[in-house]
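**Student:**
Chains as they are written, first to last, in my numbering: chain A, -10 to 102; chain B, 46 to 160.
#1: With DSSP as the reference, label residue 128 of chain B as helix, strand or coil.
#2: Would you mind telling me which residues of chain A sit closer than 9 Å to residue 154 of chain B, beta carbon to beta carbon, in chain order?
#3: Go to residue 102 of chain B, then tell me how far its beta strand (DSSP E) extends in each direction, as first and last residue.
#4: Using a Cβ-Cβ distance under 9 Å, would residue 70 of chain A count as near chain B?
#5: Could you tell me the alpha carbon to alpha carbon distance between residue 67 of chain B and residue 49 of chain B, rounded to whole angstroms?
#6: List the residues of chain B whose Cβ lies closer than 7 Å to the Cβ of residue 49 of chain A, in chain order.
#7: Kindly list the residues whose CB is nearer than 8 Å to the CB of residue 4 of chain A, restricted to its own chain and excluding five residues on each side of it in sequence; keep chain order.
#8: Using a Cβ cut-off of 8 Å, pull out every chain B residue sitting near residue -9 of chain A, in sequence order please.
#9: Take residue -1 of chain A as the anchor and find which of A:-7, A:58, A:10 has the nearest alpha-carbon.
#10: Using a Cβ distance threshold of 8 Å, determine whether the stretch 112 to 119 of chain B contacts the stretch 59 to 73 of chain B, with at least three qualifying pairs required.
#11: Which residues in the same chain as residue 58 of chain B place their Cβ atom closer than 8 Å to its Cβ, once the five residues preceding and following it in sequence are excluded?
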C-alpha cells in the first residue's frame, strides 16, 4: 500500500534554532518527492522537488534530503524564524497513474520568540 | 498578480443546497486540480483535469462535479450538500501532470461550512 508518514506530528522550537522534519514513504515505483509549506489559512507552497537521482536540494534556509534506498526524506530548517511557523507537507509521486500524488499528514511547526 | 485564485473565500450554506466554487489560473497551465482538506489538515486530491480529460478520485461522491469552461478555469459544483462536505477546498494548477515533477501552484482555498 502506498503511504507517506511524517514525524513529528507537531514541533515547537525557539527562534534561531534548527530543526529537522522526517518523511517516510512506501510509494513504489517512486517518481519524485516534494516538500510543501502551508501557512495557516493559505494554500501549500512548494519548497523543493527531488527526483530519484537527487539526494539533497536547498531553498534558502530549507534543505531537503532524500534516501531513495531507505525511502526516507528529511527537511532541515536552519536558523528558524517566526515566519517558519506553518505546516510542512511531504508529497510522494508514483510513477504511474494520473492521480498519483500521495500526501503525508504534515508536521505542524511553531517557532516561538 | 494572483496566479491561482478562488472565489468565494468563505461559503456557509445549509444541507441539501447546491453550490459552486470558482477557480481561475493565469499561468497558462494545462492541468488543474481540486483538493479537499479536512479538519485534520489532510489534503486529498479530488480531481485533475488535463486537456479536456477528467481524472476522478474514485472516492469522491458523484455529487461533486468539476466543470471547465476553458483552460484557465476549473469550477467545482456540489449538489445536495452534506455536513461531511464541510472542509477547505483548494484549487491548484501545473504545466503538466504533477506526478511528472511539474510544480503545482495552489489557490488560497475556500472554506465551506455546511450547517
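The beta-carbon is built from N, C-alpha and C at its ideal position, and this holds for glycine as well. Just so it is clear, the structure is predicted and the values come from calculations on it, not from any experiment.
**Tutor:** Well, looking at it:
#1: helix
#2: For residue 154 of chain B, the residues of chain A that pass the 9 Å Cβ criterion are 30, 31, 32, in the order they occur in the chain.
#3: Per DSSP, residue 102 of chain B belongs to no beta strand (DSSP E) and is neither H nor E.
#4: no
#5: 11 Å
#6: Those do not exist, as residue 49 of chain A stays about 16 Å from chain B at its closest Cβ, beyond 7 Å.
#7: Excluding sequence neighbours, residue 4 of chain A sits near 69, 70, 71, 100, 101, 102.
#8: Within chain B, no residue comes near residue -9 of chain A; the closest Cβ sits about 12 Å away, beyond 8 Å.
#9: A:10
#10: yes
#11: For residue 58 of chain B, where only same-chain residues beyond five positions count, the Cβ hits under 8 Å are 64, 126, 157, 158, 159, 160.
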